[in-house]
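Participant: First to last, the protein sequences are chains A and B.
So the first sequence is numbered by this note's numbering: it starts at 98 and just counts up by one.
So the second sequence is numbered by this note's numbering: it starts at 257 and just counts up by one.
Beta carbons are placed, not taken as given, at the ideal position from N, Cα and C, and that holds for glycine.
Input: one structure, supplied below.
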Amino acid sequence: MPGKEGLTLFFPEKMAERVLTPVETRAGSAKRTIVFVIVLIVVAALAALPWYGNSVLVQFGISVLLLATLAQGWNIIGGYTGYASFGNSVFYGLGAYGVAIAMVQFKLPFWIGMIAGLVLAVVFAAALGAAVLRLRGHYFAIATLALAFIMTAIVSNVEIAGSNIGLVLPLLKSDVLFYELALGLLVLATMTVWWLANSRFGLGLISIRENEEGAAVMGVNTTLYKTLAFMLSAAFTGLAGGIYAYYITFIDPVGVFDVGLNVKMIIMAVFGGPGTVLGPVVGALILSTISEVLATKVTSIASMFFGIVIVIAVVFMPRGIADVLRRAGRSPLRYFVDNVRTHRL
Amino acid sequence: MATPARTPAAAGNILEVRNLTKRFAGLVAVNDVTFDLRRGEILGLIGPNGAGKTTLVGMINGTIEPTSGDIVFDGHSVLGVPAYRRAHMGIGRTFQVMKPFPGLTVLENAAVGARFGAAGGIKDMRRAQDRARECLEFVGLGRRIDQRADALGGPDRKRLELAKALSMKPTLLLLDEVMAGLNHVEIEEVIEDIRKVRDQGISILVIEHVMKAITSLSDRVFVLHHGEKILEGPTEEVLRDPRVVEAYLGKKRTKS
């Protein structure tokens, strides 16, 4: 005899009113509301910062906001999709050059330059993705890393990009504008990642990260999804590069195609919690602050100290701050010891 | 779909495998295999280890590209159709070496199938989750939906593998040793589950070493040995055949 549960298996709509313990849902949504309100307050406070902070703080803010955007951009391809990209600094450089070339060579306004940089980065990501997203794990990382290195050499030979000398952009002395632009971009990137975390598309990306073959077999168009994730990552990274170019007013190939910057975004995203909505932002904020404080207080050993912080973080909390907050609550000591044990260090 | 529907004679078959061959450098894993799977039937596939059973399943669901031959699903050739599209068409499978999404919860694991499976899945999140939950309850994982998949024990992982495939709402289900490592009670449960699945009109290809499962489930059985189909027919008949006994246990020593 076919069981009752067997029959309903194929009519999910009939089961819609069932389950979903109301208590759980309410508790979950209440927590969500609290987080949402806190985030809203923080964003408002950040937006108002130029009016109560000094110019040094605003400049530091621009740098942190751009780094956080980069970490968030990397989070899409690295944190959610599981592809450790070292090519994101290329998107950053392309975004920067898009603005620089448009403004210097064609005397176009900034926003057209931003669009140019965006298109450049996204198209490049699509083309690059078609080639390298077939590779997995270390091979993907190495392929993108190699590209990041040769990019400097390539752009150094492009005349319209000012060859190896670089380009000098028109000066706009308005840090407040750059600050608000950077904040707006970060909010946009974070909202996008929040959408990812709750959407079908994002679930597809996560399933690719967790087991790519398993995902394909269950109906996820892995090639398309990976490429779209790479393009989305490139979009935010490129836009951040564009803002940076106009803000800093001078770019050269070595400066904007810097692999070191790529390493930075990875560290920040991983430190904060890859594959989480707010982790990379928090990671960028904490690490930038630490590095800034160290650089002013103990200049000589600052970079060494920074390295130590990262090593300790990776040993004791390899899944980032977000995971610490989520799981270390009950017995912090045990949490950290368990991390050391499970990751065999 | 690029390929037109095949002959009307094929209407009774959900799957037709024709002269399917897979060569890996120097090794013929599957050699010229032809068989049909009728709509609503449970077809058993048996054979010793290394016979090519998993390779055959891989070619049907699109994770392995055949060297030659044809696969017709629901009247259309699916050669060259990527695995995800075959999932949309209604082919679901489990893996002998399980492929859970380790960092996700049990519910999220099944939700992937519900949201991406047959016909592209259920777009609405709530309904997809309901379906995922239903499939998990069906295989007896209802109480573990919030656990991480990598926290599950062996038998529960097998159950999850089955629930993931079911959540896709397949019309053809390929089961690759879902009972390996289960105890007698658990095997009975899974046999009962599979029977219920079939009663909903899902056609099933079941690979199993557990003979009890094959005898109590299969309408027909075919035997793969060294990549070749050596026998096909009603279950009882096939299992009594000396060639099957030989493939599994080796040749009986005769005085000569």
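1. With a threshold of 16 other CB atoms inside 10 Å of the CB of residue 393/A, please say whether the residue is buried or exposed.
2. Residue 156/A to residue 272/A, Cα distance in whole Å?
3. Taking C-beta to C-beta, are residue 480/B and residue 336/B nearer than 8 Å?
4. Nearest by alpha-carbon distance to residue 444/A: which of 307/A, 326/A, 280/A and 190/A is it?
5. Does the stretch 161 to 175 of chain A come into contact with the stretch 363 to 370 of chain A, if we say contact requires no fewer than three beta-carbon pairs (one atom in each stretch) closer than 8 Å?
6. For residue 358/B, which residues in chain A fall below 7 Å Cβ to Cβ?
7. I need the straight-line Cα distance from residue 118/A to residue 358/B, nearest angstrom please.
8. Give the residues of chain A in contact with residue 308/B, contact being defined as C-beta atoms less than 8 Å apart.
9. Alpha carbon to alpha carbon, what distance is there between residue 316/A and residue 496/B?
10. Given 8 Å as the limit, is there contact between the stretch 299 to 317 of chain A and the stretch 130 to 141 of chain A, that is, 3 or more CB pairs closer than that?
11. Note down, in chain order, every chain B residue with its Cβ under 9 Å from the Cβ of residue 303/A.
12. Near residue 387/A, which residues of its chain fall below 8 Å by C-beta distance, leaving aside the five closest residues on each side in sequence?
13. Name the two residues that bound the continuous beta strand (DSSP E) containing residue 278/B.
14. Of all the CB atoms in chain A, is at least one closer than 8 Å to the CB of residue 414/B?
15. Use the C-beta contact count for residue 282/B: other C-beta atoms within 10 angstroms, 16 or more gives buried, fewer gives exposed.
16. Count the other CB atoms within 10 Å of the CB of residue 275/B; is the residue buried (16 or more) or exposed (fewer)?
17. Establish whether the CB of residue 214/B and some CB of chain A are separated by less than 8 Å.
18. Count the C-beta pairs between the stretch 469 to 483 of chain B and the stretch 442 to 457 of chain B that are closer than 8 Å, then say yes if the count reaches three, no if not.
19. Report yes or no: is there a C-beta of chain B within less than 8 Å of the C-beta of residue 297/A?
20. Can you tell which of 243/A, 332/A and 381/A has the C-alpha that lies nearest to the C-alpha of residue 282/A?
21. Anything in the stretch 356 to 390 of chain A with a Cβ closer than 7 Å to a Cβ of chain B? List those residues in chain order, please.
22. Can you name, in chain order, every residue of its own chain whose Cβ lies under 7 Å from the Cβ of residue 439/A, other than the five neighbours on each side?
23. Given residue 218/A, which residues of its chain have a CB within under 6 Å of its CB, disregarding the five upstream and five downstream residues?
24. For a contact defined as C-beta to C-beta under 8 Å, what are the partners of residue 319/B on chain A?
25. Per DSSP, which one or two residues make a beta bridge with residue 417/B?
26. I'd like to know if residue 436/A contacts chain B, where contact means its C-beta is closer than 8 Å to some C-beta of that chain.
27. To the nearest whole angstrom, what separates the beta carbons of residue 302/B and residue 311/B, a pair I think is in contact under 8 Å?
28. Locate the alpha helix (DSSP H) running through residue 207/A, then write down its first and last residues.
29. Quick check: residue 304/A and residue 362/B, are their CB atoms within less than 8 Å of each other?
30. Which residue wins for smallest C-alpha separation from residue 416/B, given the options 350/B, 372/B, 451/B and 478/B?
31. Name the chain A residues whose beta carbon is nearer than 8 Å to that of residue 467/B?
32. Report the neighbours of residue 443/A on chain B: residues whose CB is nearer than 8 Å to its CB, in chain order.
33. Residues of chain B with CB under 9 Å from residue 163/A, in chain order?
34. Consider the Cβ of residue 423/A: report whether some Cβ of chain B lies at a distance smaller than 8 Å.
35. Which chain A residues are close to residue 420/B, counting only those with a beta carbon under 7 Å from its beta carbon?
36. For residue 271/B and chain A, any beta-carbon pair shorter than 8 Å?
Facilitator: Looking at the coordinates:
1. Exposed is the call here.
2. C-alpha separation (whole angstroms): 7 Å.
3. Taking a C-beta distance under 8 Å as the contact criterion, residue 480/B and residue 336/B do not qualify as a contact pair.
4. With chain A covering only 98 through 442, there is no way to say anything about residue 444/A.
5. Touching, per the Cβ criterion.
6. Chain-order list of chain A residues neighbouring residue 358/B: 307, by C-beta distance under 7 Å.
7. For residue 118/A, the predicted structure reports a pLDDT of 41, less than 50, and the residue's modelled location is therefore unreliable. The matter cannot be settled from this model.
8. For residue 308/B, no chain A residue has a Cβ inside 8 Å of its Cβ, as the nearest lies near 19 Å away.
9. If I take the Cα positions, the gap works out to 39 Å.
10. Touching, no, given that fewer than three Cβ pairs across the two stretches are closer than 8 Å.
11. Going along chain B in sequence order, the residues near residue 303/A (Cβ under 9 Å) are 357, 359, 360, 364 and 368.
12. Sequence-distant Cβ neighbours of residue 387/A in its own chain, meaning closer than 8 Å and more than five residues away, are 403 and 406.
13. 269 to 280 is the span of the beta strand (DSSP E), which, as asked, contains residue 278/B.
14. Interface with chain A (8 Å Cβ-Cβ cutoff): residue 414/B is excluded.
15. Residue 282/B comes out exposed.
16. Residue 275/B counts as exposed, since fewer than 16 other beta carbons sit within 10 angstroms of its beta carbon.
17. Look at the range of chain B in this structure, 257 to 512, and you will see that residue 214/B is not part of it.
18. The stretch 469 to 483 of chain B and the stretch 442 to 457 of chain B touch, with no fewer than 3 CB-CB distances between them shorter than 8 Å.
19. It does; some Cβ of chain B falls within 8 Å.
20. Of the candidates 243/A, 332/A and 381/A, the one whose C-alpha sits nearest the C-alpha of residue 282/A is 332/A.
21. Residues passing the 7 Å Cβ filter: none.
22. Nothing meets the Cβ criterion.
23. The answer, listed in chain order, is 188, 191, 192, 331 and 335.
24. Those within 8 Å of residue 319/B in chain A are 310, 313 and 314.
25. Its beta-bridge partners do not exist; DSSP assigns none.
26. Not an interface residue.
27. Their Cβ separation, rounded to whole angstroms, is 15 Å, which puts residue 302/B and residue 311/B out of contact at 8 Å.
28. It spans 207 to 229 - the alpha helix (DSSP H) in which residue 207/A sits, taken as one unbroken run.
29. No, the pair does not count as a contact, with Cβ atoms beyond the cut-off.
30. Out of 350/B, 372/B, 451/B and 478/B, 350/B has the C-alpha closest to the C-alpha of residue 416/B.
31. Residues of chain A passing the Cβ test: none, with the nearest at roughly 25 Å.
32. Outside the displayed range of chain A (98 to 442) lies residue 443/A, so it cannot be described from this structure.
33. Within chain B, not a single residue places a beta-carbon under 9 Å from that of residue 163/A; the smallest gap is close to 30 Å.
34. Not one chain B Cβ lies under 8 Å of residue 423/A.
35. Within chain A, the C-beta atoms nearer than 7 Å to that of residue 420/B come from 315, in chain order.
36. Judged by the 8 Å Cβ criterion, residue 271/B is not in contact with chain A.
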